[in-house]
Amino acid sequence: MHPGHAGPGSPEGRGTDPRRGPAARSSRRLRRAGLRLAGAALLAATGAIRLDLYLTGYRSIPTIGWLFLLQVITAFGLAAAVLATGGRLIAAAGAGFALATLGGYLLSVWIGLFGFKEIRTTAGIVAGMIEVAAFTALAALATAPATRIQQSAPSSRLVARMQAGVPGAGPAVGGIAVAALVLLGVAVAGAGAAGPAPAPAGGALKTARIGGVTVLTNPHGFTLYWFAPDTPGKSTCYGTCAGYWPPVGQAFGNNLNLNGGLWHEVTMPR
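Count along the sequence shown from 1, then add 1365; that gives the number in this note's numbering.
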């Protein structure tokens, strides 16, 4: 050792790593806090969208209804956990949930799930984009360097590497996010838009026995439903709702009215 030079074991030598300096720690702390808040907010947003969809129609769809409710509960639960802890495992779980939810939406648009096929709606597109953003923020949080990088023994090099962040995680997360956006764009471009189906000609309704109960159906065997929120003289199912539940129309006069509400045709055969 030469005079005027700090040795590797001296305090001066240990303080020369810029990754462990106060400025670096402050930068990492701010970055992780921003990702934490963004990830929690985006998860809560996708949960809120799905809650609205569940309450305005999806709860009536077999299997899909309770799956939507499960997604809502999971989204809000993960959002609260991310906000409260900011841990890597919770962030990774949130990122995986967002990606899986998007994947389910894409499958339902392309081929359908449990007999239900999605159509192109503004809510679906917005939810998909939010899920991509949530994945990006939470995956970045899960792979970001820790606020404090502690010195570890040689046998704990894996822990030290995890504290310093996952190498190459940034480009990988960005690549997955771009691929997800491309798939979302392709899916919604090829999906049918929301819109009411044309009313069938008069006298085309039929009856069928389902579970020992006689119900009205259209000529193709689709069950007819009365939309519960309708009021006398006014139907509240229009736009996106009418895309999922095409109104049969009023060509049949009072035969299709129940307390003034319109019957609607479910998009799944019974």
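Glycine included, every Cβ here is placed at the ideal spot set by N, Cα and C. What you are looking at is a predicted structure, and each value in this text was computed from that prediction instead of being measured.
Using the three-state DSSP reduction, which class does residue i fall into: helix, strand or coil?
i            : result
residue 1484 : coil
residue 1575 : strand
residue 1637 : Past the boundaries of the shown model lies residue 1637; the chain is included only from 1366 to 1635, so the question cannot be answered.
residue 1408 : helix
residue 1381 : Its pLDDT being 47, under 50, residue 1381 is placed unreliably by the model, and nothing is read from it.
residue 1430 : helix
residue 1450 : helix
residue 1421 : coil
residue 1435 : helix
residue 1601 : coil
residue 1478 : strand
residue 1570 : coil
residue 1517 : Legend: pLDDT at residue 1517 = 48, less than 50; position of this residue unreliable, no value from coordinates given.
From which residue to which residue does the alpha helix (DSSP H) around residue i run?
i            : result
residue 1453 : 1453-1475
residue 1546 : 1534-1555
For residue i, I'd like the list of residues in its chain whose CB is within less than 6 angstroms of its CB, leaving aside the five on either flank, ordered along the chain.
i            : result
residue 1415 : 1433, 1436 and 1437
residue 1451 : 1401
residue 1483 : 1473 and 1474
residue 1570 : 1581
residue 1654 : Residue 1654 lies beyond the range of the chain shown here (1366 to 1635); nothing can be said about it.
residue 1503 : 1404, 1456, 1459 and 1460
residue 1563 : Since pLDDT at residue 1563 reaches only 48, below the 50 mark, its modelled position is unreliable, and the value read off the structure follows with that caveat. Counting only Cβ-Cβ distances below 6 angstroms, and skipping sequence neighbours, we find nothing.
residue 1441 : 1412
Can you list, in chain order, the residues of its chain with a C-beta nearer than 7 angstroms to that of residue i? Leave out the 5 residues immediately preceding and following it.
i            : result
residue 1501 : 1538 and 1542
residue 1548 : 1471
residue 1397 : 1451, 1506, 1509 and 1512
residue 1527 : The predicted model places residue 1527 with a pLDDT of 48, which falls under 50 and marks its position as unreliable; any figure quoted below should be read in that light. Excluding sequence neighbours, residue 1527 sits near nothing in its chain.
residue 1413 : none
residue 1423 : 1429, 1430 and 1433
residue 1686 : Here the chain comprises residues numbered 1366 to 1635, so residue 1686 is not present and cannot be evaluated.
residue 1446 : 1455
With respect to the beta strand (DSSP E) encompassing residue i, which residues constitute its N-terminal and C-terminal limits?
i            : result
residue 1589 : 1589-1591
To the nearest whole angstrom, what separates the beta carbons of residue i and residue j, a pair I think is in contact under 8 angstroms?
i            : j            : result
residue 1492 : residue 1459 : Not really, about 15 angstroms apart at Cβ, beyond 8 angstroms.
residue 1553 : residue 1490 : 6 angstroms
residue 1464 : residue 1408 : Not quite, the Cβ-Cβ distance comes to about 12 angstroms (not below 8 angstroms), so this is no contact.
residue 1411 : residue 1466 : 7 angstroms
residue 1429 : residue 1478 : 7 angstroms
Quick one: residues in its chain with C-beta nearer than 8 angstroms to the C-beta of residue i, no 5 flanking neighbours on either side, listed in chain order?
i            : result
residue 1448 : 1401, 1402 and 1405
residue 1395 : none
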